[in-house]
Amino acid sequence: MAKGSAKFALSWWEIAGGLGVAASFALGLLSVYFSMPPTDYSFLKIPRTIEELQILRVHLESYSSDYTMQVLVGYCTVYIFMQTFMIPGTIFMSLLAGALFGVFGGVALVVFAATAGASSCFFLSKLIGRPLASSLWPDKLSYFQAQVSKRKEKLLNYMLFLRVTPTLPNTFINVASPIVDVPYHIFLLATLIGLIPAAYVTVRAGIALGDLRSVGDLYDFQSIATLFLIGIVTVTPTLLKKKNQSEECEVNSKLKAI
Numbered sequence: 023m024a025k026g027s028a029k030f031a032l033s034w035w036e037i038a039g040g041l042g043v044a045a046s047f048a049l050g051l052l053s054v055y056f057s058m059p060p061t062d063y064s065f066l067k068i069p070r071t072i073e074e075l076q077i078l079r080v081h082l083e084s085y086s087s088d089y090t091m092q093v094l095v096g097y098c099t100v101y102i103f104m105q106t107f108m109i110p111g112t113i114f115m116s117l118l119a120g121a122l123f124g125v126f127g128g129v130a131l132v133v134f135a136a137t138a139g140a141s142s143c144f145f146l147s148k149l150i151g152r153p154l155a156s157s158l159w160p161d162k163l164s165y166f167q168a169q170v171s172k173r174k175e176k177l178l179n180y181m182l183f184l185r186v187t188p189t190l191p192n193t194f195i196n197v198a199s200p201i202v203d204v205p206y207h208i209f210l211l212a213t214l215i216g217l218i219p220a221a222y223v224t225v226r227a228g229i230a231l232g233d234l235r236s237v238g239d240l241y242d243f244q245s246i247a248t249l250f251l252i253g254i255v256t257v258t259p260t261l262l263k264k265k266n267q268s269e270e271c272e273v274n275s276k277l278k279a280i
């Protein structure tokens, strides 16, 4: 029992920091809520099913035209909050962006909110994430640490590959990156660029929200294969460099032998 407790040992400053972040988001959500016009907001909740999302879309369509700024701020605040505290369901928020704002507006909104949320989770994990990651994903964390250490020179390519493909969950990447010493500028750039393909697939599906029956309809074999193809392209420069270095070492060895 003592060993398990030690894994989650946090200082009072770390606990206060985490609670402070949560309180800031709560204050932001309340501010958005009270800025909306008086009406029945019983429909406002984080959707967990396609049916709940369709109901939310119907109610928000009128607000998105009359109160665009409040809807945008509220959307971003909820999305970033969910990403920061690893709350499942951001895929429904991405679908909602497509239904409300179209492909280009939806992709821009999702990429911005997802990048901001991932960054927020990155810094929160830097503060208090090590005990959580070590307890939840010990083997995965060790694997990630080893892969990052081997790819220091081309770390951006590797992080892009992880973001584009479903090799590792995005939640894990957000939490584990500061723990395994991924520099924030690489994390930020890989997130900003790497989330675009998946965001496009999801947002585009949100436009035809009425035709969806489940989240499983989003990622068919073709979509997943396309994401992996894009991911392979991102790591190709690293593979080519390793091949060239290997060939160069082999040539040098032969020259020395002569």
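Residue numbering for the sequence shown follows this note's numbering, starting at 23 and increasing by one per position.
Backbone N, C-alpha and C define an ideal beta-carbon position, used for all residues, glycine too.
Since we're looking at a predicted model, the values are computed, not measured.
Using a Cβ-Cβ cut-off of 7 Å (strictly less than) and excluding sequence neighbours within five positions of Leu117, which residues of its own chain qualify?
The residues are Leu75, Thr224, Ala227, Gly228, Leu231.
Between Gly139 and Thr106, which are expected to be in contact by the criterion C-beta below 8 Å, what is the C-beta distance as a whole number of angstroms?
Rounded, the Cβ-Cβ distance is 6 Å, consistent with contact.
Would you call the CB atoms of Ile201 and Ser164 closer than 8 Å?
For Ile201 and Ser164, no; Cβs fall outside 8 Å.
Determine, using beta carbons only, whether Gly40 and Thr99 come nearer to each other than 8 Å.
It is not a contact, given that the beta carbons lie outside the stated cut-off.
Under 8 Å, Cβ to Cβ, is there at least one residue of chain C near Arg152?
Included in the structure is just one protein chain, with no chain C present.
Would you call Ser53 buried or exposed, if buried means 16 or more other Cβ atoms sit within 10 Å of its Cβ?
Classification for Ser53: exposed.
Tell me which residues share the same chain as Leu210 and place their Cβ nearer than 8 Å to its Cβ, disregarding the 5 neighbours each side in the sequence.
The answer, listed in chain order, is Thr137, Ser141.
Measuring alpha carbon to alpha carbon, tell me which residue in Ala45, Pro160, Leu66 is nearest Gly96.
Gly96 has its Cα closest to that of Leu66, out of Ala45, Pro160, Leu66.
Going by C-alpha distance, which of Pro59, Ile109, Val132 is nearest Leu217?
For Leu217, the nearest C-alpha among the options comes from Val132.
If we count the other Cβ atoms within 10 Å of its Cβ and call it buried at 16 or more, is Gly128 buried or exposed?
Under this definition Gly128 is a buried residue.
Is the beta carbon of Ala220 sitting closer than 8 Å to the one on Met181?
In this structure, Met181 does not lie closer than 8 Å to Ala220 by Cβ.
Buried or exposed: Thr187, going by 16 or more other Cβ atoms within 10 Å of its Cβ?
Counting Cβ neighbours within 10 Å, Thr187 comes out buried, since at least 16 surround it.
Any idea what DSSP makes of Gly111, helix, strand or coil?
Reduced to three states, the DSSP call for Gly111 is coil.
By the 10 Å Cβ neighbour count, where 16 or more other Cβ atoms means buried, how is Arg79 classified, buried or exposed?
Classification of Arg79: buried, given that the 10 Å Cβ count is 16 or more.
Tell me the rounded alpha-carbon separation between Ser64 and Gln167.
Taking the straight line joining both Cα atoms gives about 45 Å.
Since I believe Gly111 is in contact with Arg70 (beta carbons under 8 Å), could you give me their beta-carbon distance rounded to a whole number of angstroms?
Arg70 to Gly111, Cβ: 6 Å. Contact.
For the putative contact between Val170 and Val197, defined by C-beta atoms under 8 Å, what is the C-beta separation to the nearest angstrom?
With a Cβ gap of about 14 Å, Val170 and Val197 do not count as contacting.
Verify whether the separation of the beta carbon atoms of Leu184 and Ile208 is less than 8 Å.
Contact flag unset, no.
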